[in-house]
Amino acid sequence: MKNDATYYDRVFEEEFLPHLDSLYTFAFHLTYNEDDANDLVQETYLKAYRFIDKYVEGTNAKAWLFKILKNAFINQYRKQSKQPSRVDYEEIVGYHDEEDSTYSSYMDLREEMFQQMMGDEVTTAINNLPVDFRTVILLCDIEGFTYEEIAKIVDIPIGTVRSRLHRARNMLKEKLSEYAKKFGYQDKRI
Amino acid sequence: MRDQHFQELISRVAMYLDNELNESAEKELLREIKSNPAYIQVLSQEKSFRDFIKSKVHRRKPSPALIQSIKEKIRIAPA
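Here it is, written out as structure tokens:
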């Protein structure tokens, strides 16, 4: 029976808790802070349990939880954090689904440039991306969500997911290229 | 035109690596890539980059205290 607390506890234990590690990784990359990440994840699970009757057993618990976490982050942390308020890049740069002329180039990051990098450089580069771009990279490249799932989690059209990913990956390559040059790598291509 | 075609190829390579192409589009893309060594390099570089990012990003481990705290709060919170 769906009203049975034991049923809800089972769903929580079997379908929600297994995603704790992924949620915590995501929360940490949003907040940069272990304590804040802990709070965000706790709040996510509390909300998930409060609205557990809205969840259909056996469906996409991971995407559902990530959406709750994303919304909790927007509501709580953007209001009180020192980070800039949400910037709608699409509005500011007149960006549409098709790539604009500035970012139309394919960023060719040579394999030998980045293979020597440690995880810290990569994490720093990701954390330095604007949050909207960081989010799609984390959801797609780290957590493996589909474009459709990302669109629902972030509440944007699928076309925007695709174009935002393209820009985010190019931005990430640019940042890693800067780090590589700092370490003395010189692009000797003609 | 060539640049436009290349940009379109990049877009399809990204979708292919994201498992977002349907079967026929995937076959078409792979056929096109096999016909051009430059395209093979693009696919290889993009795949390497994705694998690299995934392998290097720190996956954080939550503390056992967090799990315990969540479970305790759930016991108190009404469903």
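Just so you know, the sequences run in chain order A and B.
In terms of our numbering, the first sequence is residues -14 to 175.
In terms of our numbering, the second sequence is residues 101 to 179.
Glycine included, every Cβ here is placed at the ideal spot set by N, Cα and C.
Because the structure is a prediction, the values reported are computed rather than measured.
- If you look at residue 42 of chain A, you'll find it isn't in any alpha helix (DSSP H); DSSP assigns it neither H nor E.
- Listed in chain order, the positions of the segment 7 to 20 of chain A with a beta carbon within less than 7 Å of a beta carbon of chain B are 9, 10 and 13.
- The shortest CA-to-CA distance from residue 30 of chain A to any of A:55, A:18, A:121 and A:17 is the one to A:55.
- The residues 157, 160, 161 and 164, in chain order, have a CB closer than 8 Å to that of residue 110 of chain A in the same chain once the five nearest residues on each side in sequence are set aside.
- Within the same chain, and ignoring the five residues on either side of residue 52 of chain A in sequence, the residues whose Cβ sits closer than 6 Å to its Cβ are 138.
- Around the beta carbon of residue 113 of chain A, fewer than 16 other beta carbons sit within 10 angstroms, so the residue counts as exposed.
- Counting every other CB atom within 10 Å of its CB across the protein chains shown gives residue 33 of chain A a total of 16 or more, marking it as buried.
- For residue 110 of chain B, the closest alpha carbon among the candidates B:127, B:166 and B:140 is that of B:140.
- In the three-state DSSP reduction, residue 152 of chain A falls in the helix class (H, G or I).
- Contact between residue 37 of chain A and residue -7 of chain A holds, with the beta-carbon distance rounding to 5 Å and staying under 8 Å.
- In this structure, A:16 is the residue among A:-11, A:45, A:16 and A:142 with its C-alpha nearest to the C-alpha of residue 119 of chain A.
- For residue 23 of chain A, the enclosing alpha helix (DSSP H) begins and ends at 19 to 35.
- Residue 162 of chain B sits buried, since 16 or more C-beta atoms from the chains shown fall within 10 Å of its C-beta.
- With the rule of 3 Cβ pairs closer than 8 Å, the segment 106 to 125 of chain B counts as touching the segment 142 to 153 of chain A.
- For residue 114 of chain B, the residues of chain A that pass the 9 Å Cβ criterion are 147, 150, 151 and 154, in the order they occur in the chain.
- Residues of the segment 104 to 125 of chain A whose Cβ lies closer than 7 Å to any Cβ of chain B, in chain order: 104, 107, 108, 111 and 125.
- Within chain A, the C-beta atoms nearer than 9 Å to that of residue 167 of chain B come from 2 and 5, in chain order.
- Interface with chain B (7 Å Cβ-Cβ cutoff): residue 56 of chain A is excluded.
- Proximity of chain B to residue 23 of chain A at the Cβ level (cut-off 9 Å) is accounted for by 162, 163, 165, 166 and 169, in chain order.
- Within 8 Å of the CB of residue -3 of chain A, the CB atoms of chain B belong to 174, in sequence order along the chain.
- In terms of CA proximity to residue 58 of chain A, A:27 leads the group A:27, A:45 and A:107.
- Interface flag for residue 27 of chain A against chain B is set, since a Cβ pair is found closer than 7 Å.
- Residue 161 of chain A carries a helical assignment under DSSP once its states are collapsed to helix, strand and coil.
- Annotation: the continuous alpha helix (DSSP H) that includes residue 5 of chain A extends over 5 to 16.
- Residue 175 of chain B has its alpha-carbon roughly 10 Å from the corresponding atom of residue 169 of chain B.
- Rounded to whole angstroms, the Cβ separation of residue 123 of chain A and residue 14 of chain A is 6 Å, and the two are in contact under 8 Å.
- Judged by DSSP in its simplified three-state form, residue 149 of chain B adopts helix.
- Non-local beta-carbon contacts of residue 150 of chain B in its own chain, meaning distances under 7 Å to residues more than five positions away in sequence, involve 117 in chain order.
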